[in-house]
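Top line first, the protein sequences correspond to chains H and Z.
Numbering of the first sequence is given in my numbering, commencing with residue 932 and proceeding in unit increments.
Numbering of the second sequence is given in my numbering, commencing with residue 5 and proceeding in unit increments.
Yeah, the Cβ is synthetic: ideal placement off N, Cα and C, and Gly gets one too.
Down below is the structure, laid out as structure tokens.
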Amino acid sequence: DAKTTQPNSMESNEEEPVHLPCNHSTISGTDYIHWYRQLPSQGPEYVIHGLTSNVNNRMASLAIAEDRKSSTLILHRATLRDAAVYYCILKTNSGGGADGLTFGKGTHLIIQP
Amino acid sequence: GAGVSQSPSNKVTEKGKDVELRCDPISGHTALYWYRQSLGQGLEFLIYFQGNSAPDKSGLPSDRFSAERTGGSVSTLTIQRTQQEDSAVYLCASSLGGRISNQPQHFGDGTRLSIL
């Protein structure tokens, strides 16, 4: 899977929007962009994924650059419960077999009350 | 509905003992994954089951590790002759299967394994 680059940490205030960036300059045409997060002492939690178009769900929005070399996870109104490590991952549409998910260091999001 | 359930939540054992970790996936999910996460590290893929197909064992670190999935549902990860470097959180995830890149994985809260 292609590599992604994320900032080590970000800080935001409660009830404000948060924009978490991810660079993936070597993305291929069949790579999906996935975001997961992991709260302390819990398993990872799926947040959102997309291919080319921007995506919205109840948790967040995913904005994908036109050239797909970067994307941004948007939390519209951060709460203290959103404090977690956020992982941006590319998954190749392999069509068979699986190598599972590979998480890098991710972005440690700190929410200030 | 019920999520992925793992047991035990914590396991402490002596070096050299065998351990079994259990995973109950979400009902109807045909794909099941085992991962481990060492302190402060990222996620390491171990093994993948999809329906009745032969499992993908490419991530297992040694022949001391094995896993099975009975009846396409519950899975057990077994570590024989445990070593201290096996200490980690072992995570299980399940998904609907199909084209891997387009299916989100749902994780349990893991088993924290400590080898003394």
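Not flagged as an interface residue toward chain Z: Y1017(H), since no C-beta distance is shorter than 8 Å.
Burial state of G114(Z) is buried, judged by a 10 Å Cβ sphere holding 16 or more other Cβ atoms. In terms of Cα proximity to T34(Z), the closest of K61(Z), R73(Z) and S118(Z) is R73(Z).
The Cβ atoms of L117(Z) and S91(Z) lie closer than 8 Å to each other. Not a single CB atom of chain Z sits nearer than 8 Å to the CB of K934(H).
Around the Cβ of E947(H), a 10 Å sphere holds fewer than 16 other Cβ atoms; the residue is exposed.
Where D28(Z) is concerned, the enclosing beta strand (DSSP E) starts and stops at V23 to D28. By the neighbour-count definition (other C-beta atoms within 10 Å, threshold 16), D60(Z) is a buried residue. Looking at the DSSP output, Q1043(H) bridges to N944(H). The CB of F69(Z) never comes closer than 7 Å to any CB in chain H; the least such distance is about 14 Å. Remark: C-beta atoms of G55(Z) and G7(Z) do not approach each other more closely than 8 Å.
Judged by DSSP in its simplified three-state form, E89(Z) adopts helix.
Under the Cβ distance rule, D113(Z) counts among the residues neighbouring chain H, one pair being separated by less than 8 Å. Linking L993(H) to A1014(H) through their CA atoms gives a straight-line distance of about 18 Å. With its beta carbon at least 8 Å from every one in chain Z, H950(H) lies outside the interface.
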